[in-house]
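Trainee:
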Amino acid sequence: AQSVAQPEDQVNVAEGNPLTVKCTYSVSGNPYLFWYVQYPNRGLQFLLKYITGDNLVKGSYGFEAEFNKSQTSFHLKKPSALVSDSALYFCAVRVVNTDKLIFGTGTRLQVFP
Amino acid sequence: NAGVTQTPKFQVLKTGQSMTLQCAQDMNHNSMYWYRQDPGMGLRLIYYSASEGTTDKGEVPNGYNVSRLNKREFSLRLESAAPSQTSVYFCATLTYSNTEAFFGQGTRLTVV
Chain A
1 AQSVAQPEDQ VNVAEGNPLT VKCTYSVSGN PYLFWYVQYP NRGLQFLLKY
51 ITGDNLVKGS YGFEAEFNKS QTSFHLKKPS ALVSDSALYF CAVRVVNTDK
101 LIFGTGTRLQ VFP
Chain B
114 NAGVTQTPKF QVLKTGQSMT LQCAQDMNHN SMYWYRQDPG MGLRLIYYSA
164 SEGTTDKGEV PNGYNVSRLN KREFSLRLES AAPSQTSVYF CATLTYSNTE
214 AFFGQGTRLT VV
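Chains A and B are the protein sequences, given in the same order. The numbers in the working numbering rise by one with no breaks, and the one at position 96 of the first sequence is 96. The numbers in the working numbering rise by one with no breaks, and the one at position 39 of the second sequence is 152.
1. For K218 (chain B) and M145 (chain B), what's the separation of their Cα atoms in angstroms?
2. For chain B, check one thing: does any of its Cβ atoms lie closer than 9 Å to the Cβ of Q110 (chain A)?
3. My understanding is that G43 (chain A) touches F216 (chain B), with C-beta atoms under 8 Å, so please give their C-beta distance in whole angstroms.
4. Could you name the residues of chain A that M132 (chain B) contacts, counting a contact when the two beta carbons are closer than 8 Å?
5. Closer than 9 Å, CB to CB, is L158 (chain B) near chain A or not?
6. Would you mind sorting Y39 (chain A) into buried or exposed? The rule is 16 or more other CB atoms within 10 Å of its CB.
7. Using a threshold of 9 Å, state whether the C-beta atoms of Q124 (chain B) and S200 (chain B) are closer than that.
8. Is the stretch 132 to 141 of chain B touching the stretch 47 to 66 of chain A in the sense that three or more CB pairs, one from each, lie closer than 8 Å?
9. Mind pulling the chain B residues with CB within less than 8 Å of L44 (chain A)?
10. For C136 (chain B), which option in B:S197, B:M154, B:K122 has the closest C-alpha, if you only look at C-alpha atoms?
11. Quick one: is S162 (chain B) buried, meaning 16 or more other Cβ sit within 10 Å of its Cβ, or exposed?
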C-alpha cells in the first residue's frame, strides 16, 4: 500500500541548533515528494519538493530536504532553527502517473529559545 | 486572486443532518482534493478529482460523496452526518506541471 510515515510526533530543538524532521515513504515507481508547514488555524503552506535531479533540495525559509532512494526517506532539515519555525510539518508523496497525493501524520516542531 | 476558497468556515450539524462543503479555485488547476485533519491522524485523503467530471476515492471515502461539475468547483457532501465526521476539512488543488498543492483555509465541522 502507498504510504508516508513520519515516525516522530514531536521534535524539540533549541534555537540556533540544527533540526531534522524525518519522513519515509512506501510507493511504487518514482515518487514526487513534498514538505508542507501548517501554522495554528491555517491551511498548509508549501515548503519544498523533490521531483528529480539533485538529491538535496532547498526550499522556503532556509529549509532543505535530502532524498535518499535506497532508504526511501526524505528528511527535512535546517542548519539553525528559529523559534518562529515552531509549527506542524507534513511530508507528502504523489505517486507518478496518478493524481493521488497522500500525507503523513505530521510532526510538531517545537523550537525553544 | 483568491486562490482556494472554502465555504463555510465553521459549521455545527446534528447527527443525521446533511450538508455540502464548497470549494472553488481560480488558479485553473486540474486536480482537486478533499482531506480531513484529525489530531494524531494527520491529513487523510477523502476523495480527489484529476479533472472535470472525474473523481476517485482516497483513503477514507465512506460517508462522503463528491461532485466536480466544472474545473473551478469541487464539493464534498455528507448525506447523514455522524459524530465521527467531526473534523477540519481542507480542500486543495494541484497542477500537474507545477506539482505544488495549494490549500484552502479549512472548514471546521462539528457533528453533535
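The beta carbon of each residue, even a glycine, is placed where N, CA and C say it ideally should be. Small disclaimer: the values here were computed from a predicted structure and weren't measured.
Mentor: On the basis of the coordinates in this document:
1. Reading off the sequence shown, one finds Gln at residue 218 (chain B), where the question assumed Lys. Spanning the two alpha carbons is a distance of roughly 15 Å.
2. no
3. 4 Å
4. The premise fails here: M132 (chain B) is roughly 20 Å from chain A at the closest Cβ pair, so nothing lies under 8 Å.
5. yes
6. exposed
7. no
8. no
9. L156, F203, A205, A214, F216
10. B:K122
11. buried
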